[in-house]
Amino acid sequence: MAITALSCDANRSRNIDSITLRHPTFTLYKKTMEHSKQLQAHDGSFGNVYTTALITQALLSSGQEHNKDWKLNATIKYLIKELNSSSVDFLTTYLILPILNGKTLMDISRVNCSANPRKHREDPVSEINDYLGPKMRVRYSLYIGDEKDVIHSISLRMPENYTASEVMELAEVEDPKYKFEWKTTSGKMYVYEIAKVTNDPESGKFWLLYVGAANSSEPLTHLTNGPDEVIMSDGEHLVLWYKTATI
Numbered sequence: 055m056a057i058t059a060l061s062c063d064a065n066r067s068r069n070i071d072s073i074t075l076r077h078p079t080f081t082l083y084k085k086t087m088e089h090s091k092q093l094q095a096h097d098g099s100f101g102n103v104y105t106t107a108l109i110t111q112a113l114l115s116s117g118q119e120h121n122k123d124w125k126l127n128a129t130i131k132y133l134i135k136e137l138n139s140s141s142v143d144f145l146t147t148y149l150i151l152p153i154l155n156g157k158t159l160m161d162i163s164r165v166n167c168s169a170n171p172r173k174h175r176e177d178p179v180s181e182i183n184d185y186l187g188p189k190m191r192v193r194y195s196l197y198i199g200d201e202k203d204v205i206h207s208i209s210l211r212m213p214e215n216y217t218a219s220e221v222m223e224l225a226e227v228e229d230p231k232y233k234f235e236w237k238t239t240s241g242k243m244y245v246y247e248i249a250k251v252t253n254d255p256e257s258g259k260f261w262l263l264y265v266g267a268a269n270s271s272e273p274l275t276h277l278t279n280g281p282d283e284v285i286m287s288d289g290e291h292l293v294l295w296y297k298t299a300t301i
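For the record, in the sequence shown the residue sitting at position 155 is 209 according to my numbering, with numbers rising by one throughout.
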């Protein structure tokens, strides 16, 4: 719990190596994370199911999900097995479900209880209609499945220099099927659900970001930036593709 709390404090400055974690606190923080990973058993657990869920949440909140010195997939499989067992109790469910939804207790700090918890703009559509500066048109598509089993597309007009995340926000206002969920991981915007389709680490399927020209046969370019870091241009095609991620 202490690791999660420290991760929360550091994450507010969008940098897990933030100056908010002063030496020797930062040294202890890093050593504790490394020691926790060494406790992992062959079945992916870190002891009993409660300890496993808490340590997993701590590691995820500290940005360790992509590190190779522990086996996240094995832990997920162990937690799913425990969740499906006949002896599952309320506390087990309470601790495991956030992990399976790409969240940890740290995400509570980001909850905004105002009427519009995710958007900075009250009404982005009205804001765009009132905007008198130069505008651009961007095509935004959702591809679901490695073979594009389902495709949704929408053409949007917006002010120049909109980011991919702002395009996504505008799309979900226009059509609820584009509704998405995200969190900040290691200081980066991480989209883990769109159109009620959630990332599935166990099967290796994730929402990946691509950009290309709207009316071109050229292949799309896969970007690893967060959507809030990608500046869109007129005539571009923004694609969020739910597919098997290749390493």
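Glycine residues also receive a C-beta, built at the ideal position from the N, C-alpha and C atoms.
Judged by their CB atoms, Leu292 and Val265 are nearer to each other than the 8 Å cut-off. In the structure shown, the three-state DSSP call for Val103 is helix. Distance from the CA atom of Lys297 to the CA atom of Leu274, rounded to whole angstroms, is 14 Å.
DSSP, read as helix, strand or coil, puts Leu145 in helix. Just so you know, the alpha carbons of His206 and Asn102 end up roughly 43 Å apart.
With at least 16 other beta carbons inside 10 angstroms of its own, Phe100 counts as buried. Within the stretch 200 to 246, the complete beta strand (DSSP E) runs of at least 3 residues fall at 204 to 213 and 234 to 239.
Thr129 sits away from Leu137, with the two beta carbons spaced by 8 Å or more.
In the structure shown, Thr110 adopts helical secondary structure according to DSSP, grouped into three states.
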